[in-house]
Ligand code: DOR
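Residue numbers (this note's numbering): 38 to 483.
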């Protein structure tokens, strides 16, 4: 029997509504026991979680792993290591690879790939993500796809989206919509507003996202399908989802750390790591996203981890591909931006990053109930530190958060009962043991 005891931590598990000081015993990859004081047998490995928070492993429902096709930017293996480093134990990979994940054999390739953490494939809605012909959705579901999406591009044709939603109900999987009305996006590269005028960069209006959100909500209502809106970034989108939920439509949505941390003003630096789709929005959009996260309108926080090579990003802003890495910064940025200032509780933050995305995708994660698969994240909530480029283990380094001070750092990641990441920063460990804390000063933005 393989035994692991996580001892002395504050166990926060939204699934069992637990927030208590409890030891957690894992036996053969499954949560076996939770109690205030458990004594290890000989041969039990012990993680000292004194002062740390112990939660269900984080579930990132929106990542780009670039395999097949762009293994220079990321692979399933390197992305899994980055995820483990970020406290993520399960993630869903988008199909905008080269070629796209649009056949059962590609779904099987992702699903069966060896990796440190669990990787779930999201299959394309249309063949080659070209927006013209639906994929064989039943076959893709049977091969193990957990959702359908043409993410990176919208399904521009409303009739095709309607059919995709109808077929998705037969296999009981959600369709994840990348909401952009392309005619309105045009050649835009940043949010339309004062900042785009000042920067002299071509604008993308908020309406380009909101029109697509409204269309897909109407189609979800018409078909009764489960619709999930990816990377919600505007105040108007939050309001549309809020109203649709009130109306009983089966819609869920996610946002990403950059949409509640950065604004279009950050684009005025012309730093290409700030280029993303949808674009960074205004301060009032950021405020509305925070309200949506707190009141339950927004169901999940996903990273939209989008690695790009240095050569591709080291160009003028307009010429850079959109996207930023995020697997490793999901937790510290969320803790710093949302939990620290009291916008959401720690329990709600874990719900948003673990329990709820697992439930949207119907995957067995996001719980530390006895009998659950032992995916666990352990982090020090008080550890104040600065994100540096050499800290990332992702193959790509295009993070907008490099140089930022954050509070909260993953110390251990446990996937299926095995430790897949353990913090070995001994200097920091010594400093902590001596009670030396770095400055509590945090650059809270917005
Ligand atoms: O900024 C983005 N990058 N948005 C997307 O929807 C796709 C992603 C990518 O694949 O690079």
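For glycine and all other residues, C-beta sits at the position ideal for the given N, C-alpha and C.
Please confirm whether any heavy atom of the ligand DOR lies closer than 7 Å to the CB of residue i.
i           : result
residue 136 : no
residue 265 : no
residue 363 : no
residue 359 : yes
residue 139 : no
residue 295 : no
residue 188 : yes
residue 162 : no
residue 341 : yes
residue 313 : yes
residue 402 : no
residue 228 : no
residue 133 : yes
residue 215 : yes
residue 150 : no
residue 101 : yes
Ends of the alpha helix (DSSP H) at residue i?
i           : result
residue 273 : 272-283
residue 455 : Taken as a continuous stretch (DSSP letters only), residue 455 belongs to no alpha helix (DSSP H), being part of the beta strand (DSSP E) at 455-459.
residue 350 : 347-350
residue 382 : First-last for residue 382: undefined, no H or E at that position.
residue 201 : 195-208
residue 174 : 174-180
What are the boundary residues of the beta strand (DSSP E) that residue i is part of?
i           : result
residue 70  : 67-72
residue 401 : Where residue 401 is concerned, there is no enclosing beta strand (DSSP E), given that its DSSP letter is neither H nor E.
residue 445 : 442-452
residue 101 : From DSSP, residue 101 is part of no beta strand (DSSP E); its letter is neither H nor E.
residue 93  : 90-93
residue 50  : 47-50
residue 58  : 55-58
residue 164 : Premise fails: residue 164 is in no beta strand (DSSP E) and is neither H nor E.
residue 83  : 82-85
residue 406 : Careful: residue 406 lies outside any beta strand (DSSP E) and carries neither H nor E.
residue 42  : 40-44
residue 186 : 184-186
Taking 8 Å as the limit between beta carbons, can you name the residues of its chain near residue i, skipping five residues before and five after?
i           : result
residue 221 : 241, 242, 244, 245, 248
residue 271 : 243, 246, 247, 315, 318, 322, 325
residue 386 : 338, 371, 372, 375, 376
residue 402 : 93, 94, 96, 126, 127, 155, 391, 395, 410, 412
residue 183 : 129, 157, 158, 159, 210, 398, 399, 400
residue 175 : 204, 207, 208
Using C-beta distances below 7 Å, list every residue in its chain close to residue i, excluding the 5 sequence neighbours before and after it, in chain order.
i           : result
residue 120 : 97, 128, 154, 364
residue 152 : 113, 114, 117
residue 194 : 168
residue 230 : 301, 319
residue 305 : 232, 235, 236
residue 408 : 67, 68
residue 476 : The predicted model places residue 476 with a pLDDT of 40, which falls under 50 and marks its position as unreliable; any figure quoted below should be read in that light. So the list reads 421, once near-sequence residues are dropped.
residue 51  : 384, 387, 388, 392
residue 426 : 434, 439
residue 57  : 48
residue 331 : 380, 381
residue 361 : 295, 310, 313, 343, 435, 436, 437
residue 350 : 309, 310, 357, 435
residue 72  : 59, 60
Please go through the same chain and pick out, in chain order, the residues whose beta-carbon is closer than 6 Å to the beta-carbon of residue i, but skip the five residues on each side of it.
i           : result
residue 262 : 202, 205, 206
residue 430 : 118, 119, 122
residue 329 : 275, 335
residue 46  : 86, 89, 91
Tell me, please, whether the CB atom of residue i is closer than 8 Å to any CB atom in chain D?
i           : result
residue 260 : Looking for chain D here will not work: only one protein chain is present.
CB of residue i to nearest heavy atom of the ligand MN: below 7 Å?
i           : result
residue 134 : Because the ligand MN does not appear in the structure shown, any question about it cannot be addressed here, the ligands present being the ligand DOR.
Segments of 4+ residues assigned as alpha helix (DSSP H) that fall wholly inside the segment 116-159: 141-148
Whole alpha helix (DSSP H) elements within the segment 212-297, 4-residue minimum: Listed in chain order, the complete alpha helix (DSSP H) runs (minimum 4 residues) inside the segment 212-297 are 219-222, 231-236, 243-260, 272-283.
Length at least 3, wholly inside the segment 410-438: the beta strand (DSSP E) runs in chain order: 413-423
Ordered list of alpha helix (DSSP H) runs contained in the segment 313-399, each at least 4 residues: 320-332, 347-350, 367-371, 383-387, 393-398
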